[in-house]
Amino acid sequence: MSTEQAPAATEPVASAAQASSLGASAEVSTPPETPLTKLTARLPEIIKKADYSEMWGVELSPDGAHAPTQVVLVKFLRANNSDVAAAEKQLVSALEWRKKIQPASLVTETFDKAKFGDLGFVTVHKGESEDVKETVITWNIYGAVKDNKATFGNVEEFIRWRAALMELGVQKLRLNDIKEPLAEDAPDIHQMLQVHDYQSVSFFRMDPAVKAASKETIETFSMAYPELLAHKYFVNVPAIMGWMFGVMKLFLAPATLRKFHPMTSGTTLATELKGITASLPKEYGGQGPSVKEGETVKLAELAPKVEDKEDAAPASEPDSKAVETKEEPAVPAVVEKSPATEAETKVADEAAKKEIAA
């Protein structure tokens, strides 16, 4: 064989090697499938099933590059421990609920001042250093309730008011302006804080109307607003109730427990939120204006409706299911058992996660 023919003999080998190299490159460039990509791929079907596509002001898009949508989907996945099927089920339920209630429009609705005046506010605080981002806080001032039956008796009306307040807070997060999706396992910076103030609230009067409204609120908000609250502060809680949170440590996962912060004094809140003390309301140890100067839903003196009395009447009768629940607007109660079994711990942890969302 001549030397001139030798290169031709190697050409098939070179072509095969080149094809193999191209195939390997194609394999390497294929992104791995993750719970997020799976849920994103399911989004068109989810939207079709719910017949609705808006979530917290974000128009959901199946485009994986749409950062606001990706952040919303991550929240639903994290609320369900990355279980795609469970996240999809919850997302469908949340979309259906939003289609029915239209919570975003509730922000412009007028509510009865006699029932909800001074009960809820939203404040926004700029960080005092570059390390502290803008902080959104929703405030629930239960001590301002004048008549439990009037405020909580019509559960549907109470839920609508709470949803309006929540939507007001969500608007401040500006989720639609997000430019970067959340990295896997990265801290969620698109969350708010919530403060429940129990100044002058009795922890020993188990009002059926309050329990019914509390139960419904927790169930609804844990479904409709997952992973929007970073921490929940219970302030002006009587010291005698501190044992409840001690018992909770036996039942709750550390990650869940870290989100609960009971305090016997409202001014202690400033020690927890040191980065925003300059603008934190003075009632809570800060140097800012009163929480009552915060933003709230529209309120007016409304004439009582006949149906209000009819809807409120059943709430005066004890609800056996409500009595059995662990949720109380004061603090999340738990059943005292020691040691806790793994099953009991899981159940209590799930209940606490729902309480955080509400």
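With full-length UniProt numbering, letter number 234 in the sequence shown gets 234, and the count goes up by one each step, no holes.
Glycine included, C-beta positions come from ideal geometry on N, C-alpha and C.
Note that the coordinates shown come from a computational prediction; the quantities given were computed from them, not determined experimentally.
For a cut-off of 8 Å, the C-beta gap from MET192 to ILE137 is around 7 Å, short enough to register as a contact. Distance between ASP177 and VAL170, taken at the CA atoms: about 12 Å.
A direct Cα-to-Cα measurement between GLY275 and GLU128 gives close to 6 Å. For ILE46, no beta strand (DSSP E) encloses it; the enclosing alpha helix (DSSP H) starts and ends at 35-50.
DSSP assignment within the stretch 69-122 yields the following whole alpha helix (DSSP H) runs of 4 residues or more, N-terminal first: 84-101, 103-106 and 113-116. In the same chain as VAL84, and ignoring 5 residues on each side of it, the C-beta atoms closer than 8 Å to its own belong to PRO35, LYS38, LEU39, ARG42 and LEU77, in chain order. Of all alpha-carbon atoms in GLY57, PHE234, GLY64 and VAL74, the one lying nearest the alpha-carbon of ALA186 is that of VAL74. Rounded to the nearest angstrom, the Cβ distance from ASN236 to GLN199 is 4 Å, consistent with a contact under 8 Å. The stretch 152-233 contains, as complete alpha helix (DSSP H) runs of 4+ residues, the segments 155-173 and 208-224 (chain order). Pairing GLU295 with PHE111 gives a Cβ-Cβ distance that is not under 8 Å. In the DSSP assignment, the residues bridged to GLY288 are PRO281. Between the stretch 101-117 and the stretch 260-272, the count of C-beta pairs closer than 8 Å stays below three; the two stretches do not touch.
The alpha-carbon separation between VAL210 and THR69 amounts to approximately 36 Å.
Contact between ALA150 and ALA114 holds: CB atoms are separated by about 7 Å, below the 8 Å threshold. Measuring C-alpha to C-alpha distances from TRP56 to each of ALA94, ASP118, THR277 and PHE234 identifies ALA94 as the nearest.
THR296 sits in coil when the DSSP states are folded into three classes, being neither helix nor strand. Residue environment analysis places THR123 among the buried positions, since at least 16 neighbouring C-beta atoms fall within 10 angstroms of its C-beta.
Bridge partners of ILE137 according to DSSP: THR123 and LEU193. Assignment of MET263 by DSSP, reduced to helix, strand and coil, places it in the coil class. In this structure, the CA atom of HIS66 is about 9 Å from the CA atom of GLU180.
Under the DSSP definition of a beta bridge, GLU272 lacks any partner.
In this structure, DSSP gives VAL247 a helical state, which the three-state scheme calls helix. Annotation for PRO262: PHE234, VAL237 and PHE245 place their beta carbon closer than 6 Å to its own, counting only its chain and skipping 5 residues before and after. Counting only the Cα atoms, SER214 lies some 11 Å from ASP207. Using a Cβ distance threshold of 8 Å, TRP139 and VAL201 do not count as a contacting pair. Within a 10 Å sphere around the beta-carbon of GLU293 sit fewer than 16 other beta-carbons, which makes this residue exposed.
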